Structure formats: structure tokens, C-alpha cells
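These protein sequence lines are chains A and B, in that order. So for the first sequence, this note's numbering puts the first residue at 217; every next one is plus one. So for the second sequence, this note's numbering puts the first residue at 217; every next one is plus one. Comments concern the structure below.
Number of protein chains: 2
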Amino acid sequence: MDEQFVVDTWRYVLAKHAKAMCALERELGDRHGLGPSEFEVLDRMVHHGRKLRIQELCDEVHLSQSALSRVVARLEKASLVSRGVCDVDRRGVFVCITDEGRARHAEALPTQRAVLAEVFTEAPALTS
Amino acid sequence: MDEQFVVDTWRYVLAKHAKAMCALERELGDRHGLGPSEFEVLDRMVHHGRKLRIQELCDEVHLSQSALSRVVARLEKASLVSRGVCDVDRRGVFVCITDEGRARHAEALPTQRAVLAEVFTEAPALTS
DNA sequence: GAACATTACATGCAGACGCATCTAATGCAA
DNA sequence: TTGCATTAGATGCGTCTGCATGTAATGTTC
């Protein structure tokens with residue numbers, strides 16, 4: 217097991233994560249009023265195309281349950297998603313993307329893709 | 217330019233970063249009383265083996281200048297580094313690792329390596 | 001069905017971050 | 001030297017996060 221490879225990979229992950237996260241925060245925030253977490257949740261909703269439980273989102277986004285709960289609260293306040301009680305398990309909460317949410321996501325998607333393309337194209341390999 | 221490759225790479229970075237960061241926070245924190253940022257600064261100090269300006273550290277750690285200033289303040293409070301005024305430019309601050317800092321770093325290094333090895337060995341390739 | 005454990009989500013709280021700003025030192029131009 | 005722009009680092013402030021906990025609904029055991 218090559219320890220140097222592991223350390224190099226970790227440095228790569230740290231560098232790319234910092235650069236992309238920072239750019240996403242700036243671009244998505246300034247141009248669309250979304251944070252990276254908000255965008256990610258909208259993105260998952262769009263891809264699944266149906267109501268999702270908070271818990272299901274938790275599995276896909278790298279956030280704690282409490283953080284996700286607040287992201288959804290922010291999105292709801294911005295009318296981008298709506299929360300509804302789950303019928304079969306009244307502890308549960310369904311999250312449902314709104315038309316406005318879909319529109320905002322569609323608007324922000326090219327921005328996100330552009331940022332990622334820029335970050336990951338300039339030095340595509342691990343051996344940068 | 218393969219957009220799917222970029223998105224997949226981004227997902228990989230997000231997943232590995234979240235997993236490693238979370239584990240580092242837990243292991244370094246519980247076992248050595250260090251956060252990931254604190255460890256990273258100590259690590260850089262050890263590698264350079266000399267006094268460093270705050271600004272020099274800023275180039276290597278992915279933190280804002282203000283965040284780094286506070287990390288150094290925490291490290292100083294824990295007696296792991298010392299701050300000294302720079303003679304040639306009295307605006308500058310030299311950061312100098314202490315013997316206790318070196319010891320703590322040496323103690324924590326195997327922990328960090330073990331965490332990274334576990335995170336990056338179970339699914340080493342991008343195409344996971 | 002009563003008592004207790006567990007689960008889903010919300011929330012109080014403290015910690016860490018980035019941005020904007022402040023202070024102090026330096027550089028540079030007139 | 002004086003005056004102004006710049007730079008290094010510290011700090012106030014707001015935001016986001018995770019942990020611990022709270023509340024309510026569900027499951028389980030007797």
C-alpha cells in the first residue's frame with residue numbers, strides 16, 4: 217500500500233474541493249441566490265422526480281440530519297420546495313420541489329456545470 | 217470535454233472529502249485534541265522545519281487569512297506554536313513550532329495516515 | 001394496552017468559517 | 001517629511017455545520 221499515493225490523493229481532494237466549493241458558493245450565490253447545499257438538494261429532487269423523505273436525501277447529500285433539516289427549511293422559506301406530512305408514517309416529512317424550485321434549478325445548472333468544468337479541466341489528472 | 221466525467225469526479229471528491237474530513241475530525245479530536253486545520257498547520261511547520269509567516273502558511277492550507285489567524289491563535293493557546301514579531305517587516309508574524317507541537321504532531325501523524333489509508337484504500341479508483 | 005425503546009425530524013447551542021473592516025507598518029510619490 | 005495607497009495580520013459579525021437533545025409517532029414486549 218503506497219502511503220505517498222494516499223497522501224497525494226488526499227491533497228488533490230483537498231485542493232479541488234476547496235477550489236470548487238469556493239467558486240460554487242460565489243457563483244451560485246451571486247447569480248442565483250443558492251448555496252451549494254441548497255443546489256445539491258434541488259438537484260437530487262429533480263433527478264428523482266418525486267417526493268423524497270428527509271432521510272432519503274440524507275443518504276445522498278453529505279450533510280448531517282440537522283443540517284439537512286435546515287437546508288430544507290431555507291428552501292421552503294424561499295418557496296423552492298414544500299414540506300408535507302407523510303401519510304403512512306406521520307413522523308416522516310415529504311419534501312416536494314415546486315415549479316419555482318425546478319425553474320431555479322434549471323437556471324443554476326449551467327452555472328454549476330461551468331464551475332466544475334473549469335475546476336476539473338485545467339488539471340484533470342491526479343498527477344497535477 | 218466529457219461533462220459526465222467532470223460530474224463524476226466532483227461526486228468522488230465530495231464523497232471522499234466528507235468521509236475523510238469527518239473521520240479526521242473525530243479521530244484527531246478524540247485522540248490528540250487537534251482539529252484537521254490545526255493538524256495541517258503543524259504538519260506544514262514540521263515539513264518546512266523553520267519559522268513561517270502567516271502568509272506563507274496561507275498559500276499551503278486551504279483557509280482564508282482570517283481562519284488561519286485563528287487556527288494559529290488556538291495553537292498558540294495550546295502551546296503548540298509560538299508567535300513572534302518579524303524583524304525585517306514588523307507587520308509580519310513568524311509562527312514557530314514548539315517542542316510540544318512537534319511531539320503532538322508526531323503522535324498524531326500515524327492516526328492521520330491510518331484514517332487516510334482507510335478512506336482511500338477501500339475504493340482507490342475514481343471509477344468507484 | 002401500558003411501559004419502554006426506537007425512529008424521524010426539529011432545535012438550542014457552540015465551534016469554525018469567510019467577508020468586511022480595523023489597526024499598524026511599509027512603500028512610494030511629490 | 002508629508003500624504004496616500006498597500007500590505008500583514010487581527011477581529012466583529014453573520015452563516016453554516018455537527019452534536020446533543022427535545023418532541024412526537026411508531027414498534028415491541030409483557
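No residue lacks a Cβ here, since even glycine has one placed at the ideal position from N, Cα and C. The model shown is predicted, which means the values in this text are computed figures rather than measured ones.
Can you tell which of the options has its C-alpha closest to the C-alpha of residue i?
i	options	result
A:A333	A:R320, A:S295, A:M237 and A:C274	A:M237
B:A234	A:R329, A:E323, A:G265 and A:V277	A:V277
A:H321	A:E219, A:L244, A:R286 and A:W226	A:L244
B:D259	B:V331, B:A319 and B:D305	B:A319
A:D303	A:R290, A:S282, A:K267 and A:A294	A:K267
B:W226	A:D224, A:E292 and A:L240	A:L240
A:G251	A:R329, A:R290 and A:T337	A:R290
A:E256	A:F221, A:L325 and A:R306	A:L325
A:S282	A:D305, A:D246, A:S253 and A:A294	A:S253
Does the Cβ-Cβ distance between residue i and residue j come in under 8 Å?
i	j	result
A:H248	A:T327	yes
B:K232	A:V229	yes
A:G308	A:R269	yes
A:V288	A:L279	no
B:E272	A:R329	no
Inter-stretch contact (C-beta, 8 Å, three-pair minimum) for the stretch 308–327 of chain B and the stretch 288–298 of chain B: Flag = yes, the stretch 308–327 of chain B and the stretch 288–298 of chain B touch.
Near-chain A residues of the stretch 316–342 of chain B - C-beta to any C-beta below 7 Å: Going along the stretch 316–342 of chain B in chain order, one finds R329, L332, A333, F336 and T337 with a Cβ nearer than 7 Å to chain A.
Length-filtered (3 minimum) beta strand (DSSP E) runs lying within the stretch 271–311 of chain A: DSSP runs (the beta strand (DSSP E)) wholly in the stretch 271–311 of chain A: 297–301.
Uninterrupted beta strand (DSSP E) stretches inside the stretch 220–263 of chain A (no shorter than 3 residues): Not a single unbroken stretch of the beta strand (DSSP E) spanning 3 or more residues falls wholly within the stretch 220–263 of chain A.
Contact residues within the stretch 218–231 of chain B, judged by C-beta distance below 9 Å to chain A: Those would be E219, F221, V222, V223, T225, W226, Y228, V229, L230 and A231, in chain order.
The stretch 236–262 of chain A: positions lying closer than 7 Å to chain B by Cβ: The residues in question are A236.
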